[in-house]
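S.K.: Can you keep this structure in mind? I'll have questions shortly.
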Amino acid sequence: MAVTDEQGKGPQGPIRVAVLGARGRMGVEVCRAVEEAADMELVAALDQGDDRSAAAGAEVAVDFTTPDVVLDNLRWCVEAGVHAVVGTTGFTGRRLDQVRDWLAARPEVGVVIAPNFGIGAVLMMQFAERAARHFESVEIIEQHHPRKLDAPSGTATHTARRIAQARAEAGLGPAPDATKDEVPGARGADVDGVRVHAVRATGLVAHQEVLFGTAGETLTIRHDSYDRASFMPGVLLAVRAVRTRPGLTIGLDPLLD
Ligand SMILES: NC(=O)c1ccc[n+]([C@@H]2O[C@H](COP(=O)([O-])OP(=O)(O)OC[C@H]3O[C@@H](n4cnc5c(N)ncnc54)[C@H](O)[C@@H]3O)[C@@H](O)[C@H]2O)c1
Ligand SMILES: O=C(O)C1=N[C@H](C(=O)O)CCC1
1 MAVTDEQGKG PQGPIRVAVL GARGRMGVEV CRAVEEAADM ELVAALDQGD
51 DRSAAAGAEV AVDFTTPDVV LDNLRWCVEA GVHAVVGTTG FTGRRLDQVR
101 DWLAARPEVG VVIAPNFGIG AVLMMQFAER AARHFESVEI IEQHHPRKLD
151 APSGTATHTA RRIAQARAEA GLGPAPDATK DEVPGARGAD VDGVRVHAVR
201 ATGLVAHQEV LFGTAGETLT IRHDSYDRAS FMPGVLLAVR AVRTRPGLTI
251 GLDPLLD
């Protein structure tokens, strides 16, 4: 593994980065950001059907593919000793345990999996977690472009889990809801007891509102990504950090702190 300093410019030069999903909406943006970063070098830009072994020369692989292929990519990275930064969604608790198992056999490898690399989105989730114990009601409304494959979004699912955990720790029960008669789906998905509503519309990129309510007041915490450029500072931050963070890091929070 290459020896590099904190900025990535070590005796062996810039951080060698491979991008998986390079022709996708995020992949194109990540390739551009890596090429523009003075301390990084794009050594492989791979998409479906390409030979993955071209990424073996990378120190860090960035994966923005699809939930059905990401685990296979990640397993390959860990086994090849390539650190991984993963933005692809679909990580259930079981999938994360699977990644931990692979990492146990390669403890020097680092993996960062973040449902959202937008700094504003990371703060929105932190604020929502902090507010959670003060409000009896909470619902999440996420809005995305219509070509998105998964619903609800990884960000909304992650936010809901964090809110549910904070509510449980505060001893809050289920949010009040008298609904008896429901058109299926009208009340959204139930993620750990938190209702999540997924909107898809042309013109949107990635947006989320967390709506809290209690007697006489509501609090809305909202984040908007209008452009995929919003994710790039977080992706580059993770690429720089992952080499010195062996094991699994979930979310960008520990890197921001
Ligand atoms: N964490 C974040 O901040 C963040 C931000 C945006 C999107 N996402 C997530 O990233 C993922 C990708 O989003 P997108 O909008 O770029 O999707 P996309 O469909 O535009 O791109 C996915 C790309 O992966 C490629 N691909 C499929 N199988 C592959 C394989 N086996 N190897 C290499 N490439 C393969 C596809 O051909 C495609 O080019 C989604 O899960 C999305 O939810 C996360
Ligand atoms: O465009 C997408 O797809 C996005 N996916 C992530 C999610 O599911 O939360 C992050 C936001 C954009």
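Residues in the sequence shown are numbered from 1 upward in steps of one, following full-length UniProt numbering.
All C-beta atoms, glycine included, are put in the ideal place defined by N, C-alpha and C.
#1: Counting only runs of 3+ residues fully inside the UniProt domain "Dihydrodipicolinate reductase N-terminal" (15 to 117), write out the beta strand (DSSP E) ranges in chain order.
#2: If we ignore side chains and look at the alpha-carbon of each, how far apart do Thr244 and Leu20 end up?
#3: Identify whether Val205 lies in helix, strand or coil by the three-state DSSP scheme.
#4: Going by DSSP in three states, Val122 sits in which element: helix, strand or coil?
#5: Does the contact criterion of 3 or more C-beta pairs under 8 Å hold for the region 216 to 233 versus the region 69 to 84?
#6: In three-state terms, what does DSSP make of Leu248?
#7: CB-CB under 7 Å to Pro14, same chain, minus the five flanking residues each way: which ones, in chain order?
#8: Kindly identify the DSSP beta-bridge partner or partners of Gln143.
#9: Please report the residue range of the alpha helix (DSSP H) in which Leu237 lies.
#10: Could you name the residues that DSSP lists as bridge partners for Arg222?
#11: Please report the distance separating the alpha-carbon of Glu36 from that of Asp177.
#12: Quick check on Ala2: buried or exposed, where buried means 16 or more other Cβ atoms within 10 Å of its Cβ?
#13: Could you check if Ser153 is buried or exposed, using at least 16 other CB atoms within 10 Å of its CB as the buried criterion?
M.R.: Result, derived from the coordinates:
#1: Segments of the beta strand (DSSP E) lying fully in the UniProt domain "Dihydrodipicolinate reductase N-terminal" (15 to 117): 15 to 20, 40 to 46, 60 to 63, 83 to 86, 110 to 113.
#2: Approximately 21 Å, taken between the alpha carbons.
#3: Val205 falls in the coil class under three-state DSSP.
#4: Reduced to three states, the DSSP call for Val122 is helix.
#5: They do not touch, by the three-pair rule.
#6: For Leu248, the secondary structure class from DSSP, reduced to helix, strand or coil, is strand.
#7: Gly8, Asp39, Met40, Glu41, listed in sequence order.
#8: DSSP output for Gln143 lists Val199, His207 as bridge partner(s).
#9: Its alpha helix (DSSP H) spans residues 232 to 242.
#10: Arg222 is bridged to Glu209.
#11: Looking at the two C-alpha atoms, the distance is approximately 50 Å.
#12: Annotation note: pLDDT 35 at Ala2 (below 50); position unreliable, coordinate value reported separately. Around the C-beta of Ala2, fewer than 16 other C-beta atoms lie within 10 Å, and the residue is accordingly described as exposed.
#13: When all chains shown are included, Ser153 counts as buried.
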